[in-house]
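Numbering (this note's numbering), first residue to last: 3 to 504.
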């Protein structure tokens, strides 16, 4: 029995067509919805690569209506195509009907030029005939503008860096080279490949150590590197570094607000040479003066002692002045010799366990006659049970004697000078306090400078050499300690130093 053939009615066909239209409309709506929520727009071209459709959101994103594009090729809406990197290659891809991704080019719109990034996939019909491209585009003008500005800024920075007379290198927050100038590369020619952007501070310095660029590091490489790293990270004071070729470099490092570090270095070889000549001259003159000064001093003391007979009052006064001035000159010679030894590293230090209380008592005893001449009493207050430090006893005595005599000199009559000790972490702090007129604030930065002296209007005060505090600072720093002061005009001054506890 034959099955009856079902013939669709016109109503059935109409219903099916309506359903297909609805599905197509939903697909189109879905496609447009997707286009609206993306950061770009969708497009379609014909077989001649002319735009035939573009999603409406292109106007919202790029400011150009979809219809403006219709009938035009990508080449026709672009400007200066011959100058666009990769343009010829892109045209070849289109000729081969191949997919492409993130091709960047400038579009010359009706009002302005924008940078676009496009991707596309070729479309073929069931016979394999090419129908055109479908793809996505996005406006990357802000990104390109930012990149161009950054590129311009980098060029300006590079030009500025190259124009510097100093050696320059910039380290980023991770301590890697960002940029350096030719002078920096030249002095580091032996390991120049470790002067390129991206090289870490660790690798750069160790590359120099391995080729012997830093003579002071030879034989103590690990220790020298740790010292150099610590000073680099603190970036708070200049560093003098001797290079393999005999040049001296003064290196200044500064931490910038963003966490990067700028290193600026100056060749001070000539300055060091002049300093050496000066130091040698000072040392020679000082040594030559010491012997006749000793003889003159001895003669003046003998004359003023009265053992050779009484002197007329006028001559006696002149003799006293001569003895005083000779003593000042002798003190100056001795201080200059000490400074020279400290600067050249020739001053000998016998570092060991030292009883700081004993040194303080000895320095107070030495200064008692001097304090009495100013009607000043000397007190010692210890706030620390442990008083043994790692230092040189004679050098500590030299520092304390100087600080106490200064305190006596600048104290008011019938007052006191107080010496105290207190523990500060792994250091012992020794303080010498007076209740004199204090140090004027404008003089604070000069206190440890050679030949610096506070102007004294008090007739009791005798002029010093202006070198004592500079010597004290050098000695304490050589012992691995610190020295400083606190002073307020009219209220007195406290000088302090710290040395390592045992």
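Every residue, glycine too, gets a C-beta built ideally from N, C-alpha and C. All values derive from a computational prediction rather than experimental measurement.
Test item: CB-CB of residue i and residue j under 7 Å
i	j	result
residue 433	residue 496	yes
residue 421	residue 382	yes
residue 186	residue 213	no
residue 183	residue 170	yes
residue 267	residue 251	yes
residue 249	residue 269	yes
residue 428	residue 481	no
residue 132	residue 49	yes
residue 80	residue 53	no
residue 302	residue 324	yes
residue 202	residue 177	yes
residue 342	residue 281	yes
residue 453	residue 468	yes
Buried or exposed by the 16-neighbour rule on C-beta atoms within 10 Å, applied to residue i
i	result
residue 72	exposed
residue 431	buried
residue 489	buried
residue 275	exposed
residue 92	buried
residue 377	exposed
residue 397	buried
residue 179	buried
residue 394	buried
residue 439	buried
residue 461	A caution first: residue 461 carries a pLDDT of 40, below 50, which makes its placement in the model too unreliable to give a value.
residue 47	buried
residue 18	exposed
residue 340	buried
residue 148	exposed
residue 403	buried
residue 278	exposed
residue 114	exposed
residue 483	buried
residue 116	buried
residue 273	exposed
residue 435	buried
Separation of residue j from residue i, as counted between CA atoms
i	j	result
residue 83	residue 77	7 Å
residue 197	residue 485	38 Å
residue 304	residue 418	34 Å
residue 375	residue 344	32 Å
residue 401	residue 407	10 Å
residue 55	residue 16	29 Å
residue 491	residue 312	46 Å
residue 493	residue 449	17 Å
residue 259	residue 410	45 Å
residue 174	residue 200	9 Å
residue 221	residue 206	19 Å
residue 451	residue 445	10 Å
residue 243	residue 232	15 Å
residue 224	residue 286	38 Å
residue 306	residue 455	30 Å
residue 501	residue 361	13 Å
residue 459	residue 441	Low local confidence applies: a pLDDT of 47 at residue 459 is under 50, so the model's placement there is unreliable, and no value is given.
residue 331	residue 226	41 Å
residue 358	residue 391	7 Å
residue 364	residue 399	8 Å
residue 498	residue 471	11 Å
residue 62	residue 68	10 Å
residue 415	residue 163	59 Å
residue 238	residue 229	14 Å
residue 64	residue 125	25 Å
residue 284	residue 154	54 Å
residue 188	residue 195	11 Å
residue 234	residue 168	18 Å
residue 165	residue 109	38 Å
residue 321	residue 309	14 Å
residue 20	residue 59	28 Å
residue 89	residue 74	17 Å
residue 314	residue 447	47 Å
Cβ separation of residue i and residue j, assumed to be a contact under 8 Å, to the nearest whole Å
i	j	result
residue 255	residue 271	With a Cβ gap of about 20 Å, residue 255 and residue 271 do not count as contacting.
residue 159	residue 181	7 Å
residue 245	residue 209	Residue 245 to residue 209, Cβ: 14 Å. No contact.
residue 423	residue 384	5 Å
residue 51	residue 134	7 Å
Contact between the region 345-356 and the region 465-484 (3+ Cβ pairs under 8 Å): The region 345-356, when compared against the region 465-484, does touch it at the 8 Å Cβ threshold.
Using 8 Å as the Cβ pair cut-off and three pairs as the minimum, do the region 87-107 and the region 119-139 touch? These segments touch.
Three or more C-beta pairs closer than 8 Å, one from the region 40-52 and one from the region 132-152: is that the case here? Taking 8 Å as the limit for Cβ pairs, the verdict is that the region 132-152 does touch the region 40-52.
For the region 290-307 against the region 326-340, are there 3 or more C-beta pairs whose distance is under 8 Å? The way I'd put it, the region 290-307 does touch the region 326-340; three or more beta-carbon pairs between them come closer than 8 Å.
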